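Inspection log for the structure reproduced underneath, given as structure tokens.
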Amino acid sequence: MSSKLTSLDAILIFLSFLAVVGLAIVIKKIYYRFRYNQRVYIFPRIGVKGIANIAMVISIAIATLLLLTIVSAGLLGILFRAYPGWRVTIEGILIKVGGLLFGPIIGIFIGAATDLLSVALTAGMFHYGYFIAAMVYGLLAGIVKTILNVSHGKQVRFAFISTILVSIIGIVSVLYVLLQPTPFQINFFTQLTIQQWQLALLIGGIYVIGLAVLWGCMFAYYRPTILLNFSEISYWFKYKSRILRFRRSLEKKHNPQEIMNAQLNWSARFGADANKALLNIAQKRSAIKTNDRQNWLSYFAPVLMVILLGEATVNIFMLPQFDLMFSLMPYDAWLGMRSLMLVITIPMNIAIVYPVYRIVCPTMKYDYMEDTVESRSVPLMVD
């Protein structure tokens, strides 16, 4: 079966992503100029600290790659020379961290530098396809960083925007597999046969599960807030409205004895339950404050979105075409293998990227907006 994409098409996919990012930055520049009287830099202004942080991310990626090669007794080094795609799979994991920290433009630079250093230090084979794939990882991670900035820290808004973007990529991926020029089936070790529709169903299932995990985590994180809202509504209808009516009734009484009897009657009937409900609300508010201090969702949600976007775009649309240049296997076999690898690579990416990102991000304290946006009152050149 002939592939639907050529190498040129795969490169054009990358350039189209780059063009969309460039257009978005131009629109952002115009919007910030007239709306906030601020200038936006296409390439962030990186100082000494920023350069050191970028170098640290690249060095972590390379060090991880070399460590895996040493621990595996050189097996991965052989894989890098025999099949360069493995290099992209492993090094791409930490390129995503760079894009999440520094945005799309620097994410592309981190992907390029990481790929070149990986080739040099593992005696691997350079290929422009895997080089572009590494840069796409950084670009997509940077796009998620941009969505984070647009969301202004509101995680529900980020989840909605990300869900729309991931759903579009997921639908396109499923249609891409289903609409191949000729029907195909993939045979693995003569025991496992996967039909074309089954592969498409698998890819769609991966995206559905990924989005379900995202919204499940959203519900788990905001569950104390949801319960607090229900408790406050319940308290209002059960006690607060009664308290207001009770106070209005006291205003009509002028006899001190009647007022005292009414208060004692209220305390006997509703006082204990009302105080218990208030205590319950206070405990739930305390739980929310504790949850905010342990804000794991603000790290996990972006990581999950980066992985879902990056793994699909690179492994389904780009890498199978480049894999053809190093093997006699047909395109559909590579497409099937890359798609099935998502079942392994997505959990593996989450297991590595999430803890690294959660540790590195607070340590660096890098403010992306500070390096890309400034007031137009600040002079561009200082004598």
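Numbered by this note's numbering, the letters in the sequence shown go through residues 1 to 383 in order.
Ideal Cβ placement from N, Cα and C applies to all residues, glycine included.
Every value quoted in this text rests on a predicted model; they were computed, and no experiment measured them.
Counting along the chain, no alpha helix (DSSP H) covers Val-40; the unbroken beta strand (DSSP E) around it starts and ends at 38–40. Between Leu-214 and Leu-304, the beta carbon gap of about 6 Å places them in contact (Cβ cut-off 8 Å). Closest by C-alpha distance to Ile-350, out of Met-337, Ala-333, Cys-361, Ile-307, is Ile-307. When the alpha-carbon of Gly-310 is set against those of Gly-138, Phe-131, Tyr-128, the nearest one is in Gly-138. Put simply, the region 132–150 touches the region 100–109. At least three CB pairs are less than 8 Å apart.
Between Ile-62 and Leu-117, the CB-CB gap stays under 7 Å. Contact annotation: Leu-335 and Pro-320 have beta-carbon atoms nearer than 7 Å. Between Leu-178 and Ala-200, the CB-CB gap stays under 7 Å. In the DSSP annotation of this structure, the continuous segment of the alpha helix (DSSP H) that includes Val-150 starts and ends at 128–151. For the set Ile-11, Leu-165, Tyr-299, the Cα lying nearest the Cα of Gly-153 is the one of Tyr-299.
By the neighbour-count definition (other C-beta atoms within 10 Å, threshold 16), Gly-216 is an exposed residue. Classified as exposed, Ser-375 has fewer than 16 neighbouring CB atoms from the shown chains inside 10 Å of its CB. When the five nearest sequence neighbours on each side are left out, the beta carbons in the same chain lying within less than 6 Å of the beta carbon of Ile-352 are those of Ile-93, in order along the chain. Boundaries of the beta strand (DSSP E) around Ser-375: 373–375. Among the bridge pairs identified by DSSP, Asn-187 is matched with Thr-193. Excluding sequence positions up to five before and after Arg-338, its CB lies within less than 6 Å of the CB of Asn-315, Leu-319, Pro-320, all in the same chain and listed in chain order. In the three-state reduction of the DSSP assignment, Asn-295 falls in the coil class.
Counting along the chain, Met-337 sits inside the alpha helix (DSSP H) bounded by residues 331–364. By the CB criterion at 7 Å, Ala-19 and Ile-58 fall outside the cutoff. In this structure Thr-363 is exposed. Its beta-carbon is surrounded by fewer than 16 other beta-carbon atoms within 10 angstroms.
Burial check for Phe-14: the Cβ neighbour count within 10 Å reaches 16 or more, so the residue is buried. When only Cα atoms are considered, Tyr-222 and Val-360 end up about 25 Å apart. Collapsing the DSSP output to three states places Gln-155 in a helix.
Beta-carbon to beta-carbon, Ala-312 and Ser-173 are separated by about 5 Å, close enough to satisfy the 8 Å threshold.
Look at Pro-181 here: in three-state DSSP terms it is coil, with no helix or strand label.
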